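A short worksheet on the structure shown next.
Protein chains in written order, with the UniProt record's numbering: chain A, 1 to 248; chain G, 1 to 770.
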């Protein structure tokens, strides 16, 4: 990896996101400051409506904040055109969603190659296969999403998100629709990406077990960062902190 | 491009509507243009063996845009023939007089009356077609004839302008036509308009020599230019056919764009999530647009690949019906037209890309965040451009209708059509707004039942979906009401007008002949006139006027509209001679522009026939004559015209309804398939398949009813506005006739297609879930 990082992979400064106007305005994010260090695995948790998804969308450049500044890999997103933003996402950001991650018309291999092709680059020989092998699906390259299990689809999505070697990978409830075994496999893959390839990962989840794989857990409530938990000891500890948050 | 191909391959169902629309559109256009391009003027067969032809000079174009020719006088023709025969390389110069002759078999005239007018020829002109005697000898005396078929020595009954005759067959020819002795032909025909040159050596050199020899006394035609000698009757038939084919091409392309646009819009709405995902993983708006264009291109190429052979194969099959309907000349054959096929293929691609244009632009603006939304819920039924265009269309259409009475008569009909198109498109665009109140109104009686409630709420929340079903119905019903209403109203009032012009109760009319011979007219009690024509030159311009030869006249009588002509007229008759005659009177009720003494007309036009006799006593029997009431006589012309109009109507309506069916079926198939989840929920809530079917059918019918209502209303407004302006102009009330039966049939076909298309995915889903 040759991308130079200036201290943080993702930096949020006083980021606010307000939906609607006037009386019906809803503040989803309230002047949030967050720094995500490179080669770390960050989990974002919080009760529903706490703004955790909005945080992810704003941090990833999918949604534009109403105030504050977001930088990815040292590049400020403020004032970027839709086209420039798309190109930045393509080059420096990877996504894994809860469901519907793959284009149904394309095979696993084609889905993985999609970001490269959209960037106008012909995938190098074996590049895509290697990526698929890394997520353990080398033998499924020519299968369509409908021929893969939910867990396998999610693993293809991870391969696709990692194929461009992005500065940061955002995952929005990646295990939300999976059974325990498949969840474990997906989390293990994300962890491996951080440990072995120094990948930066930011994951939104409501599952303490999933969050336990992270280096750091951000707990959100009412659009603010309410608590930070570094190197959590395990799921029970996270669950306790979560419960405390919800009781307030 | 690779991506687009995979998309199309995977989701062919979503592209099926576009595919079928393009395939059919390209098929219609390829077939029509092949027919149109095959229908080229041709040198008449009986002149085909003559390399150089000299035609009498043109005196300018007539009102229809065709050149008007004068005949050479006998002396002129003889002098010119002599001059031409003396040219080096010319083996013979053969004048070609033509006259009316029709064979009578068993008392009945045979053959096509129109063609019979020029079936008689001089024997020497048989050489122009390369025809030879296969048996017997050439005709030499009056009453002798050579023709194909009967053996030499047999006798045949014929009818000429003079009356019935019995001719002796002296020879059998190997080509069509009646050939008589040259002197006999000259006596029967009205002047010579054509001289053929047979040549030895280079035809073009002879043609050049002939050109300088003829000067302004005629036009020399050689090679492909000889095609201009196509008889005017054939040119008119081909022109009529071309009108139909042009209308088919225009309508075919218009509705194809419409269907492609609505299909693409719907499928783009259904693919919002997928496009959001593409945007999230790094597709720029431009890449989304390019992908959708590429997808459509793939579908258009496939559609064209099916449509082009379809059209090419259908064209030859359509030739006989077109000939039978009088829209192409007898002997019309389809030839391969690669340029027409290539053009149709290209048109299909252009049409498809034009259709996908707005959908692609809208899709490109889908935010990446949409990949995360489940939503199939329609956000807004109306977009701002839709509002603007819809209101503009209605306003422009209404303005045109209001301005209608101030326009010239010629501009009015096209302005009315333009207004109708604007209003219909405007109504289609605004349909989502109009649907809500209409649905509330029509479903009010059923608001308590579960089905009623579901249909009502389903259509109200999915106004855009209902609008896409209603739009094609709206267009078709609108055009159907407009076209059938216009045609019926015009023919109704025209029939009444013309019947009023025929005073006598009974008419002796031609029966299987182009007109009555002198013998048939002689002795009939009542009024009649010989129908002919003359060229009148005033101040350098020559105009052709209809001439009626009547009894009891001494000079020239003009009809009222020619009252401005000078008091002494130079008349050039069909035989080429010019006479100056004094105008003696002006009459209001003249049957033709100029009235002349009957014997004068007969002398200068030996081929003149009598259109009919207005009887004031019992008619005597004669060959090729029947007695009709005045109304029935007038009705013949109206029916003939009406028949062609009906064919036009039927073809255009069938095309329109066919495409509507396609659009409606496609919209409903796609929309209902996408609502599978919703219907599964309905089933879980205790509804049976019959329940689901009731809901889909109810919605489909509601959409068709909305389209019918809106389309019918718009068309009715246009018709009423047109009536008002015409009434104002002619100062007479017109009865508006709308053939409700035909229009109800159109609406019913739409309804049937809609119900079936909405029901099929439901039944298929049930079969799949078992």
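Backbone N, C-alpha and C define an ideal beta-carbon position, used for all residues, glycine too. All values reported here derive from a predicted model rather than from experimental measurement.
query, result
"Which of the three DSSP states, helix, strand or coil, is assigned to residue 629/G?", "strand"
"Contact check, residue 102/G vs residue 188/G under 8 angstroms by CB: the rounded distance?", "At roughly 13 angstroms, the Cβ-Cβ gap does not stay under 8 angstroms, so residue 102/G and residue 188/G are not in contact."
"What's the call for residue 90/A, buried or exposed, on a 16-neighbour Cβ count within 10 Å?", "buried"
"Name, going along the chain, the residues of the UniProt domain \"ABC3 transporter permease C-terminal\" (247 to 366) of chain G whose beta-carbon falls closer than 8 angstroms to a beta-carbon of chain A.", "273, 274, 277, 278, 279, 280, 281, 282, 283, 284, 285, 286 and 287"
"Would you say residue 609/G and residue 516/G are within 8 angstroms of each other, going by their C-beta atoms?", "yes"
"Could you spell out where the alpha helix (DSSP H) holding residue 208/A opens and where it closes?", "208 to 211"
"Which residues, taken in chain order from the region 52 to 77 of chain A, show a beta carbon closer than 9 angstroms to some beta carbon of chain G?", "53, 57, 60, 61, 62 and 63"
"What are the residues in the region 114 to 131 of chain A lying within 8 angstroms of chain G by C-beta distance?", "114, 115, 117, 118 and 119"
"Taking contact to mean at least 3 C-beta pairs separated by less than 8 angstroms, is the region 147 to 166 of chain G in contact with the region 192 to 206 of chain G?", "no"
"Output the boundary residues of the beta strand (DSSP E) element that contains residue 133/G.", "133 to 136"
"Measuring only the C-alpha atoms, how far is residue 681/G from residue 764/G?", "16 angstroms"
"What's the C-alpha gap between residue 665/G and residue 291/G?", "26 angstroms"
"From this set, 316/G, 134/G and 537/G, which residue's C-alpha is nearest residue 28/G's C-alpha?", "316/G"
"Take residue 342/G as the anchor and find which of 30/G, 177/G, 675/G and 728/G has the nearest alpha-carbon.", "30/G"
"Say whether the region 504 to 514 of chain G touches the region 624 to 634 of chain G, bearing in mind that this needs 3 or more beta-carbon pairs closer than 8 angstroms, one atom from each stretch.", "yes"
"Apart from the five residues on each side of it in sequence, which residues of its chain come closer than 8 angstroms, Cβ to Cβ, to residue 215/A?", "40, 41, 42, 194, 230 and 231"
"Short of 7 angstroms in beta carbon distance, which residues of its chain neighbour residue 330/G, apart from the five on each side in sequence? Order them along the chain.", "323"
"So is residue 368/G in contact with chain C if we call contact Cβ pairs under 8 angstroms?", "Structure shown: chain C not included; protein chains present are A and G."
"Determine the chain A residues that contact residue 7/G at a beta-carbon separation under 7 angstroms, and present them in chain order.", "105"
"Judging by CA-CA distance, which residue of 162/A, 99/A, 44/A and 53/A is the nearest neighbour of residue 93/A?", "162/A"
"What would DSSP say about residue 222/A, mapped onto helix, strand or coil?", "coil"
"Among the residues of its own chain, which have a CB less than 7 angstroms from the CB of residue 429/G, if the five just before and after it don't count?", "386, 389, 390 and 393"
"What are the uninterrupted segments assigned as alpha helix (DSSP H) that are 4 or more residues long and contained completely in the region 20 to 99 of chain A, given in chain order?", "52 to 59 and 82 to 92"
"Using the beta-carbon of each residue, which ones in chain G are nearer than 7 angstroms to residue 82/A?", "285"
"In this structure, what does DSSP give as the bridge partners for residue 167/G?", "156/G"
"So, does the region 682 to 700 of chain G touch the region 268 to 285 of chain G, judging by three or more C-beta pairs under 8 angstroms?", "no"
"Counting pairs of beta carbons, one from the region 652 to 668 of chain G and one from the region 465 to 485 of chain G, are three or more of them closer than 8 angstroms?", "yes"
"Looking at the C-beta of residue 199/A, does it have a partner C-beta in chain G at a distance below 8 angstroms?", "no"
"Taking the alpha helix (DSSP H) that residue 400/G falls in, what are its first and last residues?", "384 to 403"
"What first and last residue would you give for the alpha helix (DSSP H) that runs through residue 75/G?", "74 to 85"
"What's the gap between the Cα of residue 378/G and the Cα of residue 459/G?", "Since pLDDT at residue 378/G reaches only 46, below the 50 mark, its modelled position is unreliable, and the value read off the structure follows with that caveat. When rounded, the distance between both Cα atoms is 12 angstroms."
"Answer yes or no: does any C-beta atom of chain G fall closer than 8 angstroms to that of residue 160/A?", "yes"
"Go through its chain and collect everything with a Cβ distance to residue 67/G's Cβ below 6 angstroms, but skip five positions before and after it.", "58 and 61"
"Just to check my reading of the structure: residue 14/A and residue 68/A have Cβ atoms closer than 8 angstroms, yes? What is that Cβ distance to the nearest angstrom?", "4 angstroms"
"Return the first residue and the last residue of the alpha helix (DSSP H) that residue 585/G is part of.", "Looking at the DSSP string, residue 585/G is not in any alpha helix (DSSP H); the run it does join, the beta strand (DSSP E), is 578 to 587."
"Roughly how many angstroms lie between the CA atoms of residue 130/G and residue 524/G, to the nearest whole one?", "43 angstroms"
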